[in-house]
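Chemist: Just so we're aligned: 294 in my numbering is position 232 of the sequence shown, and the numbers increase by one with no gaps anywhere.
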Amino acid sequence: MPEKTAVISKTPFRVTFAGGGTDLPEYYRRFGGGACVAGSINKGIYVMVAENFVPSEIRVSYRVTEDARQSIDEIAHSSIREAMRLLQIPSGIQVITATQMPSRGTGIGSSSSCAVGVLNALHSWRGDRVGPRQLAREAVRIEREILHEPGGVQDQYTAAYGGLNLIRVDRDDTVSVQSLQVDHDALETLNQNLMLFFTGVERPSSAIHAQQASAIESHIDEYRAMKDLALQSAAAIEKLDLPEIGRLMEENWELKRRLSDGVTNPTIDAWCAVAKREGAFGGKLLGAGGGGFLFFVVPPERQRDVQHALGSLGLMRKPIRLDIQGSSLVFEE
């Protein structure tokens, strides 16, 4: 029997400053480990778990509603299905998700945030108290080992832990999460210099991840350079060197766009060039590539120019803030 009648979790999405891609197992297991700098933001996904009116049925709602499912095997949503199976959740339950930003292949780690958020809510429903490392490990197990979805591990750990971190992963899959030394005032200043724009393009990242993973050996220099940029980025953030943070993001982007044909296109390149021309210190496309969100470091006095220029090209600014909160329980009854 469940311990509670209703639970709501909130789990953040993330932005990555540098090193994304070096957390792919195809890289870090063979070439000495990976490193990336990522931060949770104040937008994410809410997951509600509650009793279902019909005890013998399961109801799942996200973009669509799966009603009157008789068993876990009938659930189409893969991460919800496998989280319920992993935690041995019986019928008589409903799982409902709601996101605060476009999240279908937009480069903000939304699928992993969903997995972490569902696990957190289901654990609480059962009466468990679990920490961020367990949530991250279980999400990695579901996405990478059970579902065999291509990708890395930074998303799950950033979603579970929250904060602004240097995430290292060793050859043996050991993950360390090092919180960057940034005080409240410095974090506020950094937030005032960040801009996020939605391109309007949502795309599945799995194909791009798979293509990149299969071609790592031919791009080993790029991956090693991106790992080094992550370490430099961590140092620049702790020093609050805003021009350097932007420059390193741009350098990381220049390396990443070489990894496969689907990472960028002339339109994305033009958007980045416009932002730089209008005063951005630097920036990058988030995630595997092909669309989603553009992320820039822009001094406040130039943000109006950048927003006007990109807005005239059809891009929408989404105000965000880096946030220290990882996956949390916001309601329990």
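For every residue, glycine included, the Cβ atom is placed at its ideal position computed from N, Cα and C.
Predicted model only: the values in this text are computed from it and were never measured.
What three-state label does DSSP hand Thr73 in the structure shown?
Modeler: The count along the sequence shown starts at 1 and reaches residue 73 at position 11. Three-state result, Thr73: strand.
Chemist: Is the separation between the beta-carbon of Ser140 and that of Leu209 shorter than 7 Å?
Modeler: Taking the sequence shown and counting its residues from 1, the one referred to as residue 140 is at position 78. Taking the sequence shown and counting its residues from 1, the one referred to as residue 209 is at position 147. Against a cut-off of 7 Å, the Cβ pair of Leu209 and Ser140 comes out as a contact.
Chemist: Check Arg364 in the structure and name its three-state DSSP category.
Modeler: Along the sequence shown, read from residue 1 onward, the residue named residue 364 stands at position 302. Looking at Arg364 - three-state DSSP - the assignment turns out to be helix.
Chemist: Do the CB positions of Ile120 and Ser153 come within less than 7 Å of each other?
Modeler: Sequence index remark: in the sequence shown, residue 120 carries index 58 (1-based). Sequence index remark: in the sequence shown, residue 153 carries index 91 (1-based). For the pair Ile120 and Ser153, the CB atoms are nearer than the 7 Å cut-off.
Chemist: Skipping 5 residues on each side, what residues in its chain have a beta carbon closer than 7 Å to that of Leu302?
Modeler: Position 240 of the sequence shown, counted from the first residue, corresponds to residue 302. Ala248, Thr251 and Leu252, listed in sequence order.
Chemist: Apart from the five residues just before and just after Ala371, which ones in its own chain have a Cβ nearer than 8 Å to its Cβ?
Modeler: Here the question's residue 371 lines up with position 309 in the sequence shown. Excluding positions up to five away in sequence, the list reads Val336, Ala337, Arg339 and Glu340.
Chemist: Since Tyr108 is in the beta strand (DSSP E), which residue starts that stretch and which ends it?
Modeler: As a first step, residue 108 is located in the sequence shown; it is residue number 46 there, counting from the start. Taken as a continuous stretch (DSSP letters only), the beta strand (DSSP E) holding Tyr108 covers Gly96 to Glu113.
Chemist: Could you tell me the alpha carbon to alpha carbon distance between Tyr89 and Gly95, rounded to whole angstroms?
Modeler: Numbered from 1 along the sequence shown, position 27 holds the residue referred to as residue 89. Numbered from 1 along the sequence shown, position 33 holds the residue referred to as residue 95. Computed Cα separation, rounded: 7 Å.
Chemist: In three-state DSSP terms, what is Met146?
Modeler: The residue you call residue 146 lines up with position 84 of the sequence shown. Helix at Met146.
Chemist: Checking 7 Å against the spacing of the C-beta atoms, do Ser389 and Gly179 come in under that value?
Modeler: Against the sequence shown, residue 389 aligns to sequence position 327. Against the sequence shown, residue 179 aligns to sequence position 117. Result yes, Cβ atoms of Ser389 and Gly179 sit closer than 7 Å.
Chemist: Exposed or buried, Pro362, counting other C-beta atoms within 10 Å across all chains shown (16 or more means buried)?
Modeler: If you number the sequence shown from 1, residue 362 lands on position 300. Exposed, because fewer than 16 other Cβ atoms sit within 10 Å of the Cβ of Pro362.
Chemist: Starting from the C-beta of Asp232, find all residues in its chain whose C-beta is less than 6 Å away, skip the five residues before and the five after it, and write them out in chain order.
Modeler: Translated into positions along the sequence shown, residue 232 becomes position 170. Excluding residues within five positions, the ones whose Cβ falls inside 6 Å are Gly95.
Chemist: For Glu207, count neighbouring C-beta atoms within 10 Å of its own C-beta (all shown protein chains included) and say buried if the count is 16 or more, exposed if not.
Modeler: For this step, residue 207 is matched to residue 145 along the sequence shown. Answer is exposed; the Cβ neighbour count stays below 16.
Chemist: When burial is assigned at 16 or more other CB atoms within 10 Å of the CB, is Arg265 buried or exposed?
Modeler: By one-based count along the sequence shown, residue 265 stands at place 203. Its Cβ being crowded by 16 or more others within 10 Å, Arg265 is buried.
Chemist: Identify every residue that forms a DSSP beta bridge with Phe393.
Modeler: One-based indexing of the sequence shown puts residue 393 at position 331. Per DSSP, Ile70.
Chemist: Using the Cα positions of Phe259 and Gly376, report the straight-line distance between them to the nearest angstrom.
Modeler: Taking the first residue of the sequence shown as position 1, residue 259 is located at position 197. Taking the first residue of the sequence shown as position 1, residue 376 is located at position 314. So the alpha carbons of these two residues sit roughly 10 Å apart.
Chemist: If I follow the unbroken alpha helix (DSSP H) through Ser123, where does it start and stop?
Modeler: Counting from 1 along the sequence shown, the entry for residue 123 is found at position 61. Unbroken run through Ser123 is the beta strand (DSSP E), Ile120 to Ser123; no alpha helix (DSSP H).
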